[in-house]
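Counting in our numbering, the sequence shown runs from 11 upward without gaps. We put the beta carbon where it would ideally sit given N, CA and C, even for glycine. As the structure is a computational prediction, the values presented were derived from the model and not from experiment.
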Amino acid sequence: MPNHFLHISDYSKNELIEILETAKTIKQKFRNREDYMPFKNRSLAMIFAKPSARTRVSFETGFEWMGGHALFLGPNDIGIGKREAIKDISRLISRYNDIVMARLFDHEHILELANYSSIPVVNGLTDYNHPCQIMTDLFTVWEHKNRFEDLKICYVGDGNNIVHSWLNLASKISINFVCICPEGFTPDQKTIELAKNGGCSKVDISHDPYAAIQNADVVYTDVWASMGQKEEAEEREEIFKPFQVNKELMTLAGDSALFMHCLPAERGREVTDGVMEADYSIVFDQAENRLHVQNAIMLVLSGL
Ligand code: CP
Ligand code: NVA
Numbered sequence: 011m012p013n014h015f016l017h018i019s020d021y022s023k024n025e026l027i028e029i030l031e032t033a034k035t036i037k038q039k040f041r042n043r044e045d046y047m048p049f050k051n052r053s054l055a056m057i058f059a060k061p062s063a064r065t066r067v068s069f070e071t072g073f074e075w076m077g078g079h080a081l082f083l084g085p086n087d088i089g090i091g092k093r094e095a096i097k098d099i100s101r102l103i104s105r106y107n108d109i110v111m112a113r114l115f116d117h118e119h120i121l122e123l124a125n126y127s128s129i130p131v132v133n134g135l136t137d138y139n140h141p142c143q144i145m146t147d148l149f150t151v152w153e154h155k156n157r158f159e160d161l162k163i164c165y166v167g168d169g170n171n172i173v174h175s176w177l178n179l180a181s182k183i184s185i186n187f188v189c190i191c192p193e194g195f196t197p198d199q200k201t202i203e204l205a206k207n208g209g210c211s212k213v214d215i216s217h218d219p220y221a222a223i224q225n226a227d228v229v230y231t232d233v234w235a236s237m238g239q240k241e242e243a244e245e246r247e248e249i250f251k252p253f254q255v256n257k258e259l260m261t262l263a264g265d266s267a268l269f270m271h272c273l274p275a276e277r278g279r280e281v282t283d284g285v286m287e288a289d290y291s292i293v294f295d296q297a298e299n300r301l302h303v304q305n306a307i308m309l310v311l312s313g314l
């Protein structure tokens, strides 16, 4: 097992399956409110350079349930890379804590944090990827479809950090992944190649939602302007309008299509209220499962 959780593609298929199996076991323990304290007397540092609801609440709740203490370090607390160099913060945190989870802007910064850290580093989102989210999404699909391989996953929207993690996953787990995005908003080319070179998945980029969505098992979307791009939101709205996930698109996707969104959603933009609230929407299962899958990741990284 790698020392850190930075990219899904750093793990073998068997290691990824081990995380899913562990999540399944501890989800049951959590639901039963069992006493389970593998992290007794341990601490987790949570560094956030960007806002968060799910990541903050799920890591803190999960780690404390497992007997540990979680420390929230918000955007105005330690000033990582601003008040103090990343490599210094990394070695400092390693002296006090047992695990560090960080949500940073620049992907290079999490690589540097990991490079200098003697404790496991978990990537809680960067501008490049969001591995905890997509491992959770895989787990959630598994729960709903009773399998996670050879499913058609249609992502509709911006070729962003969420897509990069799906592509990282596709390099290890067999899926049929289609990224349906406007021209000029395609994901990173090297990451597309990594997914294709994995040799187990079918990977396509399309600019036509109505043609590409048919027979989807999952229709997935995310905001059109990510954190750090919010000033572009209005300009992007015009470009992305034809890529809205609405009931018409879901009908075309077919009867077995589930709707997924990492959240937070901007209702009325990338997704309509009707789709968010429909029976096929599993967005809050996804949100809940963040807690269980991240707990599994932290256990596996800690060798527990
Ligand atoms: N999906 C997700 O990571 O949500 P937050 O930004 O609220 O943590
Ligand atoms: N792409 C979004 C994901 C939020 C969880 C962002 O980076 O803001």
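{"Item": "Taking buried to mean at least 16 other C-beta atoms within 10 Å of its own C-beta, is Lys-257 buried or exposed?", "Value": "exposed"}
{"Item": "Please say whether Ser-181 and Leu-204 have beta carbons closer to each other than 7 Å?", "Value": "yes"}
{"Item": "Would you check whether the ligand SAH has a heavy atom nearer than 6 Å to the C-beta of Ser-236?", "Value": "Inclusion of the ligand SAH in the displayed structure is not the case, the ligand content consisting of the ligand CP and the ligand NVA alone."}
{"Item": "Could you check which residue in Leu-148, Met-145 and Ala-112 has the C-alpha nearest to that of Thr-136?", "Value": "Ala-112"}
{"Item": "Nearer than 6 Å: is that true of the beta carbon of Asp-98 relative to any heavy atom of the ligand NVA?", "Value": "no"}
{"Item": "CB Ile-103 to CB Val-110, shorter than 7 Å?", "Value": "yes"}
{"Item": "Starting from the Cα of Cys-191, find the closest Cα among Val-255, Tyr-138 and Asn-178 and give me that residue.", "Value": "Val-255"}
{"Item": "Would you check if the distance between the CB atom of Ala-124 and the CB atom of His-217 is smaller than 7 Å?", "Value": "no"}
{"Item": "Is it right to say Val-67 is buried, meaning 16 or more other beta carbons lie within 10 angstroms of its own, or is it exposed?", "Value": "exposed"}
{"Item": "Does the beta-carbon of Pro-197 have 16 or more other beta-carbons within 10 angstroms, so that it is buried, or is it exposed?", "Value": "buried"}
{"Item": "Could you check if Arg-64 belongs to the surroundings of the ligand CP, using beta carbon to heavy atom distance under 6 Å?", "Value": "yes"}
{"Item": "Is it buried or exposed, Tyr-8, if we count other Cβ atoms within 10 angstroms and call 16 or more buried?", "Value": "Coverage of the chain is limited to positions 11 through 314, which leaves residue 8 absent and any answer about it impossible."}
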